[in-house]
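For reference, each letter of the sequence shown is one residue, going -1 to 495 in my numbering.
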Amino acid sequence: MIFELVVVAVAVLLVWLSWFLLSTNYERSRMPPGPYPLPFIGNVHQLGRDPPFTLEHLRKKYGDVYTFSTPVGNFVVVNSAKLARDLLVTKKDDFAGRPKTSFFPMTEIFMNKDIPSSDYSPSLLFRRKIVKSALRLFGEGTKVTEEKVTRDIKSFLQRIEETNGEAFSIHDHISALIINMLCERVLSTRYPVNDITIKKLADFGRNILLLGKQGTIFQFFPFLKYLSKDFMSTFKDVIQTRDEFFGGHLKSHRQTYEKGIIRDITDALLLAYDNEKDKHRNKDVGTSDDVMFLMLNVILAGTDTSTTVLTWFMLYMILYKDTQEKIQKEIDKVTANGSSPTWRDAENYPYLLATICEIMRHSAFVPFLPPHKAIRNTTIAGYRIPKDTAVLVNLWRIHTDPNEWKDSESFKPERFLDQNDKFIGWEARPDFIPFGAGVRVCIGTVMAKQEVFTVAAKLLQRFTLDVPEGGPTPSLEGESNAIRAPKHYTLTAKKRL
């Protein structure tokens, strides 16, 4: 009897293995090459602790486009600027989707009603349209916005001055500044730096990144999330803050909103929603309750991106003192009449703009673009890409490709200057795409550029940054995350003026 059971078990196993091999070969036929997947886990064991750096061996073996298997499906990884442009621009409509399994637990937090994690649909296009409209009306480069930004930065600089040249950690100062700048833009509300709300919102953003990092494992093995008490506890805290803080502010805005009087981005979103809703009466575009998720998008995206880039910026300034001095000379020359740098005259600061771009490239602050998904059968580099296949753009490799960037490991702001030392522009190089491109380009790009430039310029106009005397020299090594921040460091700020 035991022998017969063993024979049956072996037979079943052989049948299953035959099915696995045949189905895998059929599924992967004419797709980009890649390592052969193991049963159940695919190639997860080859993922490493810090992608994309730990995936470099696969690129070297299989080339600029390869297939990587996981328990939830295949991922195609793109590693060159040319292929990324084909994906994001030339075939933007083919790859406009988002794979739901790659955004756990974001799809649960945002309920598929946001912009970054939502799949391609008429309602997504509707949401993008109203956010663009709202930011044009109230948010991107307007005089009122610039005045509010300047006021917040003035308070930030005062706190830096109060350090009296002593060593301090810059991250929390920048985080509080950016949160206040965004809250004032989006909610017409600002908070004292030591207010519990600042900490709550900072924790909210950090917890979402933490959940996203942990979610990488849980999206492969979904049942594990129920075994992690810490994960579920953090998830519940995020949902509670979402509903109480952002839901509460939306309710308050609705109660006090007067059509035609725009106080902030939330009012602009409500107005844009009403205007666009009238044009889409026969389409399912949600309700005005969904504006809460768009408020979340604007504040979260701005906080994470701007805080991280500025934290990198300060680090590079204390490590590359010659670059800091060149920026300060440029600022001093432009502001010799006693003025202060503003976004409206940013073109007068080509070296500063070039430095910001080079820091974005060199730091790899965004290692991968958010995953795209093929919404129809298509191709990349002649390879078959079946509908619903997830595609990753390896931004770190593209931004350090020696075929595109001479001496790519070196930090050289001059890469973004022309022969006349003029800034070439944010989009001039096809191999520089920190905000993505095409239909999925980051919707808050202009606002992030404005925040980073203005804070950096005003800070270096007033202070010289340095490594604390006798302290360790900080490293350019970053944390492993979807948005890669530098490891903790301290600096000093000596007043110039």
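Beta carbons: idealized from backbone N, C-alpha and C, even for Gly.
Does DSSP classify residue i as helix, strand or coil?
i, result
"residue 373", "coil"
"residue 388", "strand"
"residue 256", "strand"
"residue 366", "strand"
"residue 354", "helix"
"residue 113", "coil"
"residue 421", "strand"
"residue 166", "strand"
"residue 45", "coil"
"residue 404", "coil"
"residue 442", "coil"
"residue 338", "coil"
"residue 192", "coil"
"residue 28", "coil"
"residue 54", "helix"
One question on the structure: do residue i and residue j come within less than 7 Å of each other, judged by their Cβ atoms?
i, j, result
"residue 442", "residue 299", "yes"
"residue 95", "residue 373", "yes"
"residue 359", "residue 397", "yes"
"residue 113", "residue 271", "no"
"residue 68", "residue 29", "no"
"residue 313", "residue 484", "yes"
"residue 174", "residue 151", "no"
"residue 210", "residue 301", "no"
"residue 470", "residue 488", "no"
"residue 156", "residue 329", "no"
"residue 86", "residue 436", "yes"
"residue 97", "residue 480", "no"
"residue 393", "residue 351", "no"
"residue 79", "residue 391", "no"
"residue 297", "residue 180", "yes"
"residue 212", "residue 70", "no"
"residue 294", "residue 244", "yes"
Which two residues bound the contiguous beta strand (DSSP E) that contains residue i?
i, result
"residue 383", "381 to 383"
"residue 68", "63 to 68"
"residue 184", "Residue 184 -> not in any beta strand (DSSP E); alpha helix (DSSP H) instead, spanning 169 to 185."
Is the CB of residue i under 7 Å away from at least one CB in chain D?
i, result
"residue 314", "The structure shown contains no chain D; it is built from a single protein chain."
Per DSSP, residue i forms a beta bridge with which residues?
i, result
"residue 202", "None; residue 202 has no bridge partner."
"residue 492", "462"
"residue 95", "371"
"residue 484", "476"
"residue 72", "67"
"residue 36", "40"
"residue 378", "381"
"residue 415", "421"
Span of the alpha helix (DSSP H) holding residue i?
i, result
"residue 127", "120 to 135"
"residue 332", "319 to 332"
"residue 394", "393 to 398"
"residue 347", "No alpha helix (DSSP H) holds residue 347; DSSP gives it neither H nor E."
"residue 237", "227 to 239"
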